[in-house]
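Read through the structure below, which is laid out as structure tokens, and then see the notes.
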Ligand SMILES: *[C@@H]1O[C@H](CO)[C@@H](O)[C@H](O)[C@H]1NC(C)=O
Ligand SMILES: *[C@@H]1O[C@H](CO)[C@@H](O)[C@H](O)[C@H]1NC(C)=O
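Numbering (mature numbering (1 follows the signal peptide of the UniProt record, and there is no 0)), first residue to last: -17 to -1, 1 to 251.
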């Protein structure tokens, strides 16, 4: 997939359906009201963006976003919360250092956070004419598994990928594993959520099974939704640029040639 510089997107498609916006950090905290409601601290550290009603517990019945008075997202109407694990660098002496974030293309002035996309079609399709059904109030979902460590497990989440930013504009290739070499401008994490909804449930016990990837292909290739999850939703995607530039000294990388970055849930 080749991406055109995104700053030109608004000029190309002023009235179309693609939303791309920056959200700066709300908080970096061990809280996870979806997976560990009421638990403080939660199992691992997260970076959280969005509405300021974010809390240890967020009862879907209570419509917490409605009690937000501001948001870290560029669109002041968006009181959703979005969060991901946080990346650490493990130095040769065993010490861990939290990797800072940097602003994405078009948001260079920000000190990180995430770029959020809601797409009706593949990103390279500027027309964005496909029909998708909007997420309903109270909708929640999760992608990924904090315990996944093998290639087989990772393949369940085939659209969680990384880009090694050789230059600030590098957008491919994407890999399902963290880059094995130092990346001059940082590592971009690309988190694409499933896009087929069961049409009924706002959430599910594992926070994933009410959603599915397309039965074949991808959202971008207009792959069909499976019969169990027939409703096509927008493609929600997050991009985060982890600023690994301070950690690119080969003398600090593991002597066995492995890569030194590790997610807050312990996943390398
Ligand atoms: C956030 O959670 C704390 C602790 O459970 C509670 O005291 C507080 O009222 C909550 N805030 C909101 C806005 O719900
Ligand atoms: C371990 O290595 C890191 C990275 O070089 C350095 O900042 C830190 O001071 C070192 N800690 C000790 C105890 O040597």
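The C-beta atom is built at its ideal place from N, Cα and C for all residues, glycine as well.
For residue 131, the Cβ stays outside the 8 Å cut-off from all heavy atoms of ligand 2.
Non-local C-beta neighbours of residue 248 in its own chain, meaning closer than 6 Å and more than five positions away in sequence, comprise 27, 68, 129, ordered along the chain.
Distances from the CA of residue 233 to each of 12, 101, 188, 167 were compared; the closest alpha carbon is that of 167. Here residue 61 is buried: its Cβ has 16 or more other Cβ atoms, across all protein chains shown, within 10 Å. Rounded to the nearest angstrom, the Cβ distance from residue 55 to residue 9 is 5 Å, consistent with a contact under 8 Å.
In this model, residue 207 and residue 64 are separated by some 28 Å (Cα to Cα). Taking C-beta atoms as the reference points, residue 43 and residue 34 fail to come closer than 9 Å.
Distances from the CB of residue 81 to the heavy atoms of ligand 2 are all 8 Å or more.
Only exposed fits residue 160, as fewer than 16 other CB atoms lie within 10 angstroms of its CB.
Ranked by how close their Cα comes to the Cα of residue 224, the residues 90, 202, 108 have 90 in first place. At least one heavy atom of ligand 2 is found less than 8 Å from the C-beta of residue 235.
Secondary-structure assignment with DSSP links residue 173 through a beta bridge to 144, 222.
Membership of residue 135 in the alpha helix (DSSP H) is indicated by the continuous run 134 to 138. Taking C-beta atoms under 8 Å as the contact rule, residue 202 and residue 178 qualify, at a distance of about 4 Å. In the same chain as residue 251, and ignoring 5 residues on each side of it, the C-beta atoms closer than 6 Å to its own belong to 245, in chain order. Nearest to residue 32 by C-alpha distance, out of 7, 51, 77, is 7. Residue 214 and residue 80 have their alpha carbons spaced roughly 42 Å apart. In the three-state scheme derived from DSSP, where H, G and I count as helix and E and B as strand, residue 230 is classed as helix. DSSP, reduced to helix, strand and coil, places residue 68 within a strand of the structure shown.
With respect to the 9 Å criterion, residue 75 and residue 229 are not classified as neighbours on the basis of their beta carbons.
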